[in-house]
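Scroll down for the structure; my scribbles are underneath it.
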Amino acid sequence: MLLLKELLMSTMNIKSMRKNKKGLLLCIISACLLQGHIAISQKTSKTPIMGWMSWNLCRENVNEKIIKDIADALVATGLKKAGYTLISIDDGWVGGRDMQNNLIANPEKFPNGMKALAEYVHSKGLKLGIYSSASQTTCLDLTGSYGFEQQDANRFADWGIDYLKYDWCGNVPENNPEELRIRNEAMSKAIANTKAPFAFAFWGGFSPEYWVRSLGNNWRIAYDIRDVWKSYHPQRKGILQAYEACIQLDKLAGPYGFNDPDMLVVGLYGTGKAGSAEGHTGGCTDIEYQTQMSLWCLMASPLFLSADIAKLNQTSLNILKNKEMISINQDTLCRQARRIIETNMYDVLIKPLADGDYALGLLNKSDDIIDVSLPFNSIGLIGDFMVKDVWRQRNSTSHLKSWKGEVMAHETVVLRLSKPVNRKKQSTVR
Ligand code: GLA
19 MLLLKELLMS TMNIKSMRKN KKGLLLCIIS ACLLQGHIAI SQKTSKTPIM
69 GWMSWNLCRE NVNEKIIKDI ADALVATGLK KAGYTLISID DGWVGGRDMQ
119 NNLIANPEKF PNGMKALAEY VHSKGLKLGI YSSASQTTCL DLTGSYGFEQ
169 QDANRFADWG IDYLKYDWCG NVPENNPEEL RIRNEAMSKA IANTKAPFAF
219 AFWGGFSPEY WVRSLGNNWR IAYDIRDVWK SYHPQRKGIL QAYEACIQLD
269 KLAGPYGFND PDMLVVGLYG TGKAGSAEGH TGGCTDIEYQ TQMSLWCLMA
319 SPLFLSADIA KLNQTSLNIL KNKEMISINQ DTLCRQARRI IETNMYDVLI
369 KPLADGDYAL GLLNKSDDII DVSLPFNSIG LIGDFMVKDV WRQRNSTSHL
419 KSWKGEVMAH ETVVLRLSKP VNRKKQSTVR
């Protein structure tokens, strides 16, 4: 029932629907229908999932040793404590099927099998995720789950897997949203049937429809990210392009379901086997990495690290472990930031937070420094606010009605705006 209330509230955020009773009735009906759907999926995580994913760093070369090392490093670096608790093995792990058609892990890469690996990862207080595809084959042309959904879900549950990334690769009908829904729903149901509490992530298409919310915890909304600001490859995204695809989908995100613009490339510096491919060898600047963290937190997107954890430098660790950024990402209102201002040079984003505060993002998309002067009432925030600059760790000493400052090329300034305590309820944005 709590879930229904939360979904209802998130549906009711659609401004136009607030205005008339017919809209409100539609909201209630759609939330109830959704509640019917909810039975088929595992709602394991109310806020965006945080962890590490093998694809960008390893490509097909993922193996047992790498996963164990990542588990150890997540603990040693304090990233586990910061909230990054899931390790997701991407494409490249599967070794085909046995005589009973059960999936088997590639014995050379995973000599002790997945069950033992899950036990190791769990012993560190972490969770283990795995990868499959809604077709006969994965993107690497390895065995997929189409037609074997229940058998494979049972197998994953038996191994103690906590998360499935379900891809749309191999022999899949492109541009067929109905088939996409049917195949994803089949796996979502299969997972629910196992009664094991594992989360489901899937390919939602380029303009996902509302049904994605009922199937799983997060859905990819764009092509693969690369360790660059902008990608010139037609089927790859840089940070700015993945953000652009995601920011437009703010109404889809809410408790238990989030838009996924792909992994964080923070700290890769051009070292990824997939993440830095296609000539994108230099990687990004620290300012760009900080911007990616800012935007993904503001957009309530899953936070999947993808660099080699043990090799992260202090700057990357500071970006990834920033407590206030993470609390904006994990905020229990679960709203994705809305773009309030869009110009060629910069965007302004607002994410309302559960305690009545607002997280404000000022993204400089241009290659030059810009001076910003932003009266808060110009973006619907009426009154005065205590202002905290989250990255610079600077608090205003009095209540402010505006913010003025420089934003570096490709930088995102993140401000947390608090109303005086007894006036928090007067919020005007959504
Ligand atoms: C697709 C996905 C990637 C990765 C690869 C694996 O490209 O988008 O994230 O999982 O497949 O082959």
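The number in my numbering is simply the position in the sequence shown, starting from 1, with 18 added.
Glycine residues also receive a C-beta, built at the ideal position from the N, C-alpha and C atoms.
Note that this is a predicted model, so its numbers are computed, not measured.
Problem set entry | Buried versus exposed call for Ser334 [16 or more other C-beta atoms within 10 Å across all chains shown] | Flag for Ser334 reads buried.
Exercise. So Asp278 is in the beta strand (DSSP E); what residue range does that whole segment cover?
Worked result: For Asp278, the uninterrupted beta strand (DSSP E) segment begins and ends at 276-278.
Exercise. Taking one C-beta from the stretch 140-152 and one from the stretch 174-185 each time, how about it: are there three or more such pairs within less than 8 Å?
Worked result: They touch, by the three-pair rule.
Problem set entry | Buried/exposed call for His428, threshold 16 Cβ in 10 Å | By the 10 Å Cβ count, His428 comes out buried.
Exercise. Just checking, does the stretch 214-229 make contact with the stretch 153-162 on the three C-beta pairs under 8 Å criterion?
Worked result: No, because fewer than three Cβ pairs between the stretch 214-229 and the stretch 153-162 fall closer than 8 Å, the two stretches do not touch.
Exercise. Just to check, is the beta-carbon of Arg238 closer than 7 Å to a non-hydrogen atom of the ligand GLA?
Worked result: Shortest gap from the CB of Arg238 to any heavy atom of the ligand GLA: under 7 Å.
Exercise. Touching or not, the stretch 82-90 and the stretch 306-319, by the rule of three or more beta carbon pairs under 8 Å?
Worked result: Not touching, per the Cβ criterion.
Exercise. Is any heavy atom in the ligand FMN found nearer than 7 Å to the beta carbon of Leu158?
Worked result: Absent from the structure shown: the ligand FMN. Ligands present: the ligand GLA.
Problem set entry | Beta-bridge partners of Phe451, as assigned by DSSP | Lying before the first or after the last residue shown, residue 451 is absent from the chain, which here runs from 19 to 448.
Exercise. Would you call the CB atoms of Pro195 and Ala240 closer than 8 Å?
Worked result: Taking C-beta atoms as the reference points, Pro195 and Ala240 fail to come closer than 8 Å.
Exercise. Is the closest heavy atom of the ligand GLA to the C-beta of Cys187 under 7 Å?
Worked result: Within the cutoff, so yes.
Exercise. What separation, rounded to the nearest whole angstrom, lies between the Cα atoms of Val230 and Gly222?
Worked result: C-alpha separation (whole angstroms): 7 Å.
Exercise. Which of the three DSSP states, helix, strand or coil, is assigned to Trp221?
Worked result: The answer is strand: DSSP assigns Trp221 an E or B state.
For this session: For Ala208, count neighbouring Cβ atoms within 10 angstroms of its own Cβ and tell me buried if that reaches 16, exposed if not.
Result: Result: buried.
For this session: Alpha carbon to alpha carbon, how far is Thr62 from Asn119? Give it in angstroms, no decimals.
Result: Distance from the CA atom of Asn119 to the CA atom of Thr62, rounded to whole angstroms, is 28 Å.
For this session: Can you tell me which of Leu233, Ser396, Ile359 puts its alpha carbon nearest to the alpha carbon of Tyr274?
Result: Comparing Cα-Cα distances from Tyr274 to each of Leu233, Ser396, Ile359, the minimum goes to Leu233.
Exercise. Is the Cβ-Cβ distance between Gly113 and Ile122 less than 8 Å?
Worked result: When the beta-carbon positions are compared, Gly113 and Ile122 come within less than 8 Å of each other.
For this session: Kindly say whether Leu286, judged by its beta-carbon, lies nearer than 8 Å to any beta-carbon of chain C.
Result: The displayed structure is made up of one protein chain only, and chain C is not part of it.
Exercise. Do Cys302 and Trp237 come within 8 Å of each other at the CB atom, strictly closer than that value?
Worked result: Cβ distance not < 8 Å, so Trp237 and Cys302 don't count as in contact.
Exercise. Based on the DSSP secondary-structure assignment, which residues constitute the bridge partners of Phe128?
Worked result: None, per the DSSP bridge assignment.
For this session: Could you check what DSSP says for Glu203 in three-state terms: helix, strand or coil?
Result: Three-state result, Glu203: helix.
For this session: Say yes only if the C-beta of Trp70 is nearer than 7 Å to one or more non-hydrogen atoms of the ligand GLA, and no if none qualify.
Result: For Trp70, the Cβ stays outside the 7 Å cut-off from all heavy atoms of the ligand GLA.
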